[in-house]
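Reminder that position 174 of the sequence shown reads as 201 in the working numbering, one-by-one numbering, no gaps. Just so you know, even glycine gets a beta-carbon here, dropped at the ideal spot from N, CA and C. The model shown is predicted, which means the values in this text are computed figures rather than measured ones. Here the structure comes first, spelled out in structure tokens, and everything after it is commentary.
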Amino acid sequence: MGSFTIGLDLGQQDFTALVVVERLLVPPGTLTVEGLHRLAGRMVRPVEEYHVVHMQRWPLGTAYPDIVNDVGRLTRRPPLSTDALLVVDRTGVGTAVMDMFREAWRDGRLAGAHQPIGVTITGGEHGNGWNLPKADLISAVQTTLQSGRLRVAPGPLVDVLQREMLAFRQKITPSGRTQYESPRREGEGHGDLVMALALALAVPNTIRKPDLIDREAPAPVS
């Protein structure tokens, strides 16, 4: 079994979005007989992949306590009930909402999850603790995607995630800083799924080493 990270982008005027990523080790690509002879006696390292196994969004205006309870129900179900790290964007909502998740973890409503991590997304170029530049978060998505190590399970929000990825634009400010923006589209959100995915990739669950799994497609979590 792999190790799981839950990225949660909390919205105020936008959708709240959640993405579950399974980090796992897979055998290297298929080798020819000739290739196997060349590699005889050598250590062939497995490849680390990230599989998106679950995505969801809440309707606009959903109360934060309801979101906390929904996330708790998710973490109490296998396979997340054995090893899951919840990473929450606390940027716009402040400490009060983050405290709701910590309280839920303490009283067992987030059973199976490790203590939640609250991340503040900044506009700068250098991180500090759990203050992460937005550029670093987007870079985590880009590098994993471009290296072919990101796979997404089929589901109703896959097309939305793809459109959000294509909509993100890089902008260089007059001061030379790199910014990433996503245009707001009615009914489409504001890059919420991408940011939830970025949180799960930038702060992966490394508490337990994932198993070596010979799996080509993600195994959805419902």
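Query, Result
"Nearest residue (CA-CA) to residue 234, options 138, 94, 111 and 100", "111"
"Coarse secondary structure for residue 111, derived from DSSP in three states", "strand"
"Rounded separation between residue 104 and residue 76 - CA only", "23 angstroms"
"Residue 244 burial status per 10 Å Cβ neighbour count (16 or more: buried)", "exposed"
"Which of helix, strand or coil DSSP assigns to residue 96", "helix"
"Unbroken stretches of the beta strand (DSSP E), 3 residues or longer, contained in the segment 115-191", "144-149, 158-160 and 177-179"
"Reduced DSSP secondary structure (H/G/I, E/B, other) of residue 37", "coil"
"Environment of residue 29 [buried if 16+ CB atoms lie within 10 Å]", "buried"
"Straight-line gap, residue 89 to residue 95 (C-alpha atoms, nearest Å)", "11 angstroms"
"Whole-number beta carbon distance between residue 115 and residue 139, since they are thought to touch under 8 angstroms", "Contact doesn't hold; Cβ gap of about 16 angstroms is too wide."
"Extent of the continuous beta strand (DSSP E) to which residue 229 belongs", "It is not in any beta strand (DSSP E) - residue 229 instead sits in the alpha helix (DSSP H) that spans 219-229."
"Cβ neighbours of residue 191 in the same chain (closer than 6 angstroms, five flanking residues each side left out)", "218, 220 and 221"
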